[in-house]
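Chains as they are written, first to last, in the numbering used here: chain Y, 502 to 578; chain G, 8 to 591.
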Amino acid sequence: MFVKLQLKGPLKKYGQSVEPFDCEIAAEPCTVRDLLQKLSIPTSSTSFVLIDGNKADLTATLRGGEMVVINPRVAGG
Amino acid sequence: MTYTGKILRVNLSTGKAQPEPLNEKWARDYLGGKGLSIKYLYEELEPGIDPLSEANKLILMTGPTTGTIVPNSGKLAVAAKSPATGTILDCSIGGYFAPELKYAGYDAVIIEGKAKTPVYLYIEDEKVELRSAGDLWGKGAHETEHIIAETLGDVITMVIGQAGENLLPMACISSELYRQAGRGGIGAVMGSKNLKAIAVRGTGGIKIPNIRKFSAALNKIKREDTMTDDNMWTYSDGTPMLVDLCHDSGILPTRNFQEGTFEDYKKINSDAVKGVLKAKKACFACPLGCSNYVEKGDTRVEGPEYETLALCGSNCAIGDIEAIIEFNRLCDDYCLDTISAGNSVAFAMELTEKGIYDFGIHFGEVDKYLEMPGLIARKEGVGAELAAGVRAMAEKYGGMDFAMQVKGLEMPGYEPRGSWAMGLAYGTADRGACHMRAWPTAVEAFGDIDPYTSEGKAKLVIGMQDDNSVKFSAIFCDFWALSTERMAEILSLLLEREVTATELTTIGERTYNLARLFNEREGFNRKDDYLPERIFSEKLPTGTTAGKLLPREEYEKMLTDYYQLRGWDENGIITEAKKKELHL
């Protein structure tokens, strides 16, 4: 199973040069947290996640075919 | 010790400039920057003065980190009583002015009085001169800086444009072409003093107590705590990244805060800015380099930053990145605060579309939109009305419920209906609606904290306000997410004494309370800590915040909690016990 993945800002270094890219995920149940672990992205470096344009948390389940956007944690303003 | 121990006091009425010792006790109690400049203003300004009279003072204040290689220490606090709000006002400006002033031998400059004719102040180490600015008056910031550079050579300048000369409450100060002390009409304070510019050149240095230990510690700190994912978003994208985050969170101000999402957000987001990016730029001693230097045709700016993209973009329904860049350039040259200018234009658009008053401009009208900065700065035509800011416009023409301001300062780019603590932060910010005192949006709208509850929000906002107060006093840039423990470690290396995180938290709290005390003395209290009615009674229509508002009773609860935790009474007045505890 694959999801389309887009990593924002400094998180791009964990992905591929062309985005969004296809990322293989394990068979169900696979959560966003599992996806981050597979890509070695620390959860402390992320803020919210979008799945098909909707906000989701790290426990959301992926079933394949979704568009997933991972945003970085930000500070300042 | 990294203080020079010397302040330069310049009286424009008499033309005299005199160095004097830094008040060491105050420096210990408030460090520098925000805190120390507020302390000097609190002690030296008479209550009730007209901010545009010669009784007001303008303070440029460095901090103990200024001029060193401490990361993100390149900012300068610029403070006065605000012409926009009547509150205390401290702004922060980046670039290279602050270290240059320190190398000239001064921790601060206090400017008093009013020159009879336009002048500019030239500081080169001990040499201090007031020079005629007759030929500079009426010119924009860019031309003014170029002429001064041609005259004086290698100097760093801070200048005002036509907006400051015309005493606009949204006039800012500009430095090095693209950097601004933006908010609250700080540029009008310079204008009211007939002070067109300040140029500085410093040839001295700063003595670091133990340079070997200091360098080793800083290398470690940079590796562990600065060049990390938490901070590197500022380099990879800079603040334009927030367009996507705010749109996706339903808090991107759109059409004068009528909506929280913008259909053309992809035309003004970070990718759009990267499409015209020429280079990344940084302030002194900054390894992050958040600034995007962009070029489109003959137009060059550092920016647009998120606040400009939001307030002058989506909030005016302008989905044209080239138009926003040009609007940004015009504001920079006239020295207009883009947050306030964008709000005024958007408010005029809504008043026009609602048929309340015809300002002749509608949402999304690019050509008329681009005429506005010039009209505002010169106070011509409808620009004369917009120049007064949204509160004054509403008092004259109506629409106060959707004049997006607090205490007379226009609202930044984070919709409080999708970030309730941000609403509380705006309401309790010392200079009016401001995102720099606390920015809970990062943990509410973008993070794990429920944005739609009043529970725990007072504590959250107070913690952030106190942390930022000490951060801006020390001085560290907002974009370095460092702990008070880390600040204490660095300051201990610089000040030759053990500085603790607890001490810094107290300094932050003392500073925030002193700012409140200044405002109290000017008559501010609970009645002034509210948001525009739109936030309390109009539901957002689109996106993840569809159907959301910030119920007034929930806001009242947050405000009451906030006062209790602060040790203020129910009217927002600091109790005697709290004053005693903080040695105020």
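Cβ coordinates follow ideal geometry from the N, Cα and C atoms, glycine included.
- Task: Look at the Cβ atom of isoleucine 497 of chain G, then the Cβ atom of threonine 69 of chain G, and state whether they are nearer than 8 Å.
- Result: no
- Can you check the stretch 361-410 of chain G for any alpha helix (DSSP H) of at least 4 residues that lies completely inside it and give the ranges in chain order? 373-385, 390-393, 397-404
- Task: Inspect the beta-carbon positions of alanine 111 of chain G and aspartate 132 of chain G and report whether they are closer than 8 Å.
- Result: yes
- Mind checking who asparagine 555 of chain Y pairs with in its DSSP beta bridge? Y:Ile552
- Task: Quick one: residues in its chain with C-beta nearer than 7 Å to the C-beta of glutamate 633 of chain G, no 5 flanking neighbours on either side, listed in chain order?
- Result: Any property of residue 633 of chain G remains undetermined from this structure, which presents chain G solely from 8 to 591.
- Query: Is it right to say leucine 521 of chain G is buried, meaning 16 or more other beta carbons lie within 10 angstroms of its own, or is it exposed?
  - Reply: buried
- Query: alpha helix (DSSP H) containing valine 533 of chain Y: first to last residue?
  - Reply: 533-539
- Interface residues of chain Y around methionine 239 of chain G at Cβ under 7 Å? Pro511
- Task: Could you tell me whether the Cβ of arginine 574 of chain Y comes closer than 8 Å to any Cβ of chain G?
- Result: yes
- Task: Counting only the same chain and skipping the five closest in sequence on each side, list residues whose C-beta sits under 7 Å from that of threonine 345 of chain G.
- Result: Glu314, Thr315, Leu318, Cys319, Asn335, Cys338
- If we call anything under 8 Å between Cβ atoms a contact, is glycine 463 of chain G one with isoleucine 258 of chain G? no
- Nearest chain G C-beta to phenylalanine 503 of chain Y closer than 8 Å, yes or no? no
- Query: By the 10 Å Cβ neighbour count, where 16 or more other Cβ atoms means buried, how is proline 54 of chain G classified, buried or exposed?
  - Reply: exposed
- Message: Suppose you measure from the CA of glutamate 136 of chain G to the CA of valine 126 of chain G; what does that come to, to the nearest Å?
- Response: 10 Å
- Item | Every unbroken alpha helix (DSSP H) within the stretch 236-318 of chain G, with a cutoff of 4 residues, ordered by chain | 236-243, 248-255, 277-281, 313-318
- Query: Does the beta carbon of arginine 493 of chain G fall short of 7 Å from some heavy atom of the ligand FAD?
  - Reply: Absence of the ligand FAD from the depicted structure is noted, as is the absence of any ligand whatsoever, leaving it without description.
- Message: So for asparagine 79 of chain G, helix, strand or coil by DSSP?
- Response: coil
- Within its chain, find whatever has a CB closer than 7 Å to the CB of glycine 415 of chain G; leave out the 5 residues flanking it on each side and keep chain order. Ala91, Thr92, Gly396, Arg398, Gly439
- Message: Within 8 Å of any Cβ in chain G, is that where the Cβ of phenylalanine 522 of chain Y sits?
- Response: no
- Task: Figure out for me which residue from G:Pro106, G:Asn263, G:Asn276, G:Cys253 has the closest Cα to the Cα of serine 351 of chain G.
- Result: G:Asn263
- Item | Short CB-CB distance (under 8 Å) between phenylalanine 453 of chain G and chain Y | yes
- Say whether chain Y places a C-beta atom closer than 8 Å to the C-beta of aspartate 244 of chain G. yes
- Query: According to the Cβ coordinates, are leucine 358 of chain G and phenylalanine 366 of chain G closer than 8 Å?
  - Reply: yes
- Along the stretch 540-551 of chain Y, what residues have a CB closer than 9 Å to any CB found in chain G? Ile542, Pro543, Ser545, Ser546, Thr547, Ser548, Phe549, Leu551
- Task: Determine, using beta-carbon pairs with one atom in the stretch 153-171 of chain G and one in the stretch 229-237 of chain G, whether at least three such pairs fall under 8 Å.
- Result: no
- Item | DSSP beta-bridge partners of phenylalanine 503 of chain Y | Y:Glu525
- Task: Under the assumption that isoleucine 275 of chain G contacts valine 250 of chain G (Cβ atoms under 8 Å), give the Cβ distance between them as a whole number of angstroms.
- Result: 6 Å
- Query: Can a CB atom of chain Y be found closer than 8 Å to the CB of threonine 92 of chain G?
  - Reply: no
- Take the Cβ of aspartate 523 of chain Y as the centre, count every other Cβ of all protein chains shown within 10 Å, and call the residue buried at 16 or more, exposed below. exposed
- Look at leucine 108 of chain G and glycine 209 of chain G and say whether their C-beta atoms are less than 8 Å apart. yes
- Item | Residue ranges of each alpha helix (DSSP H) within the stretch 99-169 of chain G, 4 or longer | 104-110, 148-159
- Could you tell me which chain Y residues have their CB closer than 8 Å to the CB of threonine 551 of chain G, listed as they occur along the chain? Asn555, Lys556
- Task: Look at leucine 551 of chain Y and valine 570 of chain Y and say whether their C-beta atoms are less than 8 Å apart.
- Result: yes
- Task: Scan the stretch 484-507 of chain G for residues whose Cβ lies nearer than 7 Å to a Cβ of chain Y and list them as they occur along the chain.
- Result: Asp485, Phe486, Ala488
- Message: Using DSSP's beta-bridge definition, name the partner residues of threonine 547 of chain Y.
- Response: Y:Pro573
- Message: I'd like the list of long-range same chain contacts for lysine 513 of chain Y, defined as Cβ closer than 8 Å, with 5 residues on each side in sequence excluded.
- Response: Glu520
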